[in-house]
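I have placed the structure first, in the form of structure tokens, so that the comments after it can refer back to it.
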Amino acid sequence: MRSSAIFVAIAATAVSAQGTVPTYKSSLNMTIDPNTVAQQQRAVWCQGQTNTCQVLCDNNTDQNDCNQAQLTFDCTCASNNSAPGLQYYTQTLPTFICQQLFSSCIQSNAGNADGQDECKSKIQKLCATQNPPTIAEISKQAEASTAAATTASTSSAGHASTTSAEQSASSSASSTSSKGAAAATMAPAGAGVFAMAAAGLAAYAL
Ligand SMILES: *[C@@H]1O[C@H](CO)[C@@H](O)[C@H](O)[C@H]1NC(C)=O
Ligand SMILES: *[C@@H]1O[C@H](CO)[C@@H](O)[C@H](O)[C@H]1NC(C)=O
Ligand SMILES: *[C@@H]1O[C@H](CO)[C@@H](O)[C@H](O)[C@H]1NC(C)=O
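What the sequence shown shows, in mature numbering (1 follows the signal peptide of the UniProt record, and there is no 0), is residues -19 to -1, 1 to 187, in sequence order.
Laid out in structure tokens, this is it:
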């Protein structure tokens, strides 16, 4: 009686040690027990998730929330009532969960190269590595498209507006050239390095 119970326990251990990693379609299908993740960490994950949802939806979401206790989220864009490709970007809940699952998979397969290979091919491969665009990049894109639209509408409105288009073209040219000057003026940093080197020399001389 007792020995057969022990045998069952050993068999069960052997099976779990073999550690067959489940096959996921994408990181969207990965789940994790929220209790295995520190509350503070979950807060950081949800912050990243809601920020990235906002950015990927061009700052116009239909649903954007993240449940820290459950580690679930809703993210749909207003433009199409669909989810953006969260699984392709870092700073999203699917990717945080993916990375966590990968790291615990590696740990639980310590000393088992085959098991760790499976962690890599079945989990890590699905964890995004590309950073989402930044809000700054998104608003730059929006500015550019607004400017393009303005140019298009003024150029169709006759001579007076052509002049203003020319003016804005020349002012943007001058702002470009002043930017160019600023970019070329790397001297302060170089001078600073030189000064530090000189100070270093002076210290050495003392
Ligand atoms: C994976 O997740 C997607 C999006 O949540 C869902 O549509 C799909 O049915 C899931 N597939 C599996 C096999 O669970
Ligand atoms: C919905 O729109 C967002 C941008 O507004 C885009 O990133 C996403 O790919 C779109 N989703 C689908 C399924 O077309
Ligand atoms: C995002 O939208 C909010 C209000 O909807 C607006 O105040 C903010 O300026 C927008 N940010 C960008 C980068 O477009």
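From the three backbone atoms N, C-alpha and C, an ideal C-beta is built for every residue, glycine too.
Q. In the DSSP assignment, what residue or residues form a beta bridge with CYS56?
A. Residue 56 sits at position 75 when you count from the first residue of the sequence shown. Answer is ASN45.
Q.
What does the alpha-carbon distance come out to for the pair GLN35 and ASN41?
A. In the sequence shown, the residue the question calls residue 35 occupies position 54. In the sequence shown, the residue the question calls residue 41 occupies position 60. Between the alpha carbons of GLN35 and ASN41 lies a distance of about 6 Å.
Q. Can you tell me where the alpha helix (DSSP H) with ASN40 in it begins and where it stops?
A. Taking the sequence shown and counting its residues from 1, one reaches residue 40 at position 59. It is not in any alpha helix (DSSP H) - ASN40 carries neither H nor E in the DSSP assignment.
Q. Near ligand 3, which residues have their beta-carbon less than 5 Å from any of its heavy atoms, given in chain order?
A. Having a Cβ closer than 5 Å to some heavy atom of ligand 3 are ASN40, ILE116 and SER120.
Q: Could you check what DSSP says for TYR69 in three-state terms: helix, strand or coil?
A: Numbered from its first residue, the sequence shown carries residue 69 at position 88. TYR69: helix per DSSP, three-state reduction.
Q) Taking Cβ positions, are CYS86 and CYS108 nearer each other than 8 Å? A) Stepping through the sequence shown from its first residue, residue 86 is reached at position 105. Stepping through the sequence shown from its first residue, residue 108 is reached at position 127. In this structure, CYS108 does not lie closer than 8 Å to CYS86 by Cβ.
**Q.** Span separating the alpha-carbon of LEU52 from that of LYS106
**A.** Residue mapping note: residue 52 aligns to position 71 of the sequence shown, counting from 1. Residue mapping note: residue 106 aligns to position 125 of the sequence shown, counting from 1. When rounded, the distance between both Cα atoms is 21 Å.
Q. With a CB to CB cut of under 6 Å and the five nearest residues on each side skipped, what residues in its chain are close to ASN62?
A. Residue mapping note: residue 62 aligns to position 81 of the sequence shown, counting from 1. A distance below 6 Å between beta-carbons, with the five flanking residues on each side excluded, links ASN62 to the following residues of its chain, in chain order: ASP43.
Q) Quick one: Cα of ALA125 to Cα of ALA117, how far? A) What you label residue 125 is simply residue 144 of the sequence shown in a count that begins at 1. What you label residue 117 is simply residue 136 of the sequence shown in a count that begins at 1. Using only the alpha carbons, I get a separation of about 12 Å.
**Q.** Host alpha helix (DSSP H) of LYS101 (start-end)
**A.** By one-based count along the sequence shown, residue 101 stands at place 120. Start and end: 94 to 103.
Q.
Short of 6 Å in beta carbon distance, which residues of its chain neighbour LEU67, apart from the five on each side in sequence? Order them along the chain.
A. Along the sequence shown, one-based indexing puts residue 67 at 86. Listed in chain order, the non-local C-beta contacts of LEU67 below 6 Å within the same chain comprise THR73 and PRO75, local neighbours out to five positions each way being set aside.
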